[in-house]
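Notes follow once the structure below has been shown.
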DNA sequence: CCAGAACTGAACCACCCGGTTCAATTCAGT
DNA sequence: ACTGAATTGAACCGGGTGGTTCAGTTCTGG
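Shown next, in the form of structure tokens:
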């Protein structure tokens, strides 16, 4: 009868669902009957479902994951899942988009820090330290378990869900690299960097960070130590600054 | 009754299967009844099955792919598939390993070219051109459709098949980067490069190549033009040489 | 306090998949 | 030409899946 779900039937107050469920989706409950028999509220079932869906999809893959398990993980009956999101495909899409948005905001926050810190220090050593710190925190974001799971699922199902490439991945990396390129451009104008093409520099900075990490963390299946992450960030920044740091202005 | 397949029952001459089926697995046939009614021979059914399995797995993912389709794609009856490889999991494993071996040999051949060409030219421009060419060809390998499919499947099923990480991916990238590091070490000894840590330099060289390509080719779903691949290789080599090329020997 | 919406649990359905069995057929080695 | 192995097609089985239905319960808004 009804074809378009997502907020067509309007099961709960789901139209205002722009509020990203921040950390864990299983404990925030409407401030009534708090701590009583019912462990969770009524209005955030949707968040619980999306979170559980991502967890299960990440653990078992889209094809192998079954909705019953997702419902169980969310502490919810199976019809409730279908009532909220109507379809396994839609469920997957929304779970991925939510996870992507969360990962994006984390990375953007790190790059935003570069704006703040980068303005304070002035000498070359300070710039190097700042870049290293930003790189390290960017690596922490990128090496988060949920982040790896997101990338794996994206890789896996890009054939069946091509639109997720844009809505989850493309926009994200583009915006992060754009913000990075903005900072590099300003640093170049200030004479502290020599990036003829800031966008390309940002692209390569990102590659120098995440590329080595992919191998070292075994595609995200092995937790990477803080020391190793810092070492990768240090190496990346060293190479980056040798190539783009202050020096001969041979802007090709 | 029987638990260990693969060459336990010995259906055909499969023990000698170390010969990698080179290009396409669907046309080589024993030199008899060539071109007649039966389109393929009898002895290379296994290759056909493995090739078809990889094709179907790449197209639909491990979970969604069903053996019937694989058998159809291979032009073979379903029991034949089970007779040869016994299990969907084993089928997947072997298809992945075969594809991984093929991709590895291609990349290794490219790096081997660096050994030959790198010895001839002497000036800096020639080194740059050689590195660009090697990078470009490495990118071509890495951007091959089957290569992307292999990486996607690896990413996707690394949770269910952790051993594939080593047998398909780890060994491959390690060997390529090792070969690259060897070349860099020799070039450093010859005074034409300054790589304090050749392994790390190779790691970053690889990252500068493949990282930007990941975004530009949309995770391998969009064919990348030769011009763009060449541009990425050029940019990577330029950055790499600025960082590690002849200049101040500030080996940290 | 009550009407109505959301939620639950369980059963149910049709479908498809992995894997097996089997008789009939085709091929390879000699 | 003949024997035995490989292959085929088709049917079959058990089980799990996506998705629905429904009666009954729990909560929410007013």
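Protein chains in written order, with my numbering: chain A, 1 to 252; chain B, 1001 to 1252. Ideal Cβ positions, reconstructed from N, Cα and C, are used throughout, including at glycine. The model shown is predicted, which means the values in this text are computed figures rather than measured ones.
Counting only runs of at least 4 residues, the stretch 204-244 of chain A fully encloses the following alpha helix (DSSP H) elements, listed from N- to C-terminal order: 226-244.
Listed in chain order, the non-local C-beta contacts of residue 1184(B) below 7 Å within the same chain comprise 1193, 1195, 1198, 1201, 1202, local neighbours out to five positions each way being set aside. Residue-level contact check: residue 181(A) does not touch chain B, since none of the beta carbons of chain B fall below 7 Å from its beta carbon. Cβ neighbours of residue 1088(B) within its own chain (closer than 7 Å, five residues either side excluded): 1067.
The CB of residue 1175(B) never comes closer than 9 Å to any CB in chain A; the least such distance is about 12 Å. Residue 1208(B) reaches chain A at 204, 207, 208, 211, counting residues in chain order whose Cβ is nearer than 8 Å. Think of a sphere of 9 Å around the beta carbon of residue 235(A): the chain B residues whose beta carbon falls inside it are 1197, 1200, 1203, 1204, in chain order. For residue 192(A), there is no enclosing alpha helix (DSSP H), as DSSP marks it with neither H nor E. The Cβ of residue 105(A) sits no closer than 7 Å to any Cβ of chain B. Distance between residue 1190(B) and residue 1176(B), taken at the CA atoms: about 21 Å. Within 10 angstroms of the beta-carbon of residue 1221(B) lie fewer than 16 other beta-carbons, which makes it exposed. Chain-ordered listing is empty here: chain B has no CB closer than 8 Å to the CB of residue 185(A), the nearest sitting near 17 Å. For residue 1078(B), the uninterrupted alpha helix (DSSP H) run begins and ends at 1078-1085, by DSSP. CA-to-CA, the gap between residue 223(A) and residue 1167(B) works out to about 20 Å. Taking CB atoms only, residue 1155(B) has a neighbour in chain A less than 7 Å away. Taking all protein chains shown into account, residue 1079(B) has fewer than 16 neighbouring C-beta atoms within 10 Å of its C-beta and is therefore exposed. Among the residues of the stretch 1061-1093 of chain B, those with a Cβ less than 9 Å away from any Cβ of chain A are 1061, 1062, 1063, 1064, 1065, in the order of the chain. Taking a contact to require three or more Cβ pairs closer than 8 Å, the stretch 1227-1242 of chain B and the stretch 1145-1164 of chain B do not qualify as touching.
Between the alpha carbons of residue 1148(B) and residue 1179(B) lies a distance of about 22 Å. At a cut-off of 7 Å between beta-carbon atoms, residue 1243(B) makes contact with chain A. Listed along the chain, the chain A residues whose CB falls inside 9 Å of the CB of residue 1158(B) are 152, 218, 219, 220, 221. By the rule that beta-carbons nearer than 7 Å mark a contact, residue 1138(B) does not touch chain A.
Going by beta carbons, residue 81(A) and residue 49(A) fall inside the 7 Å limit.
Apart from sequence neighbours up to five positions away, the residues of its chain that approach residue 1187(B) with a beta-carbon distance below 6 Å are 1193, ordered along the chain.
Secondary structure of residue 143(A) (DSSP, three-state): helix.
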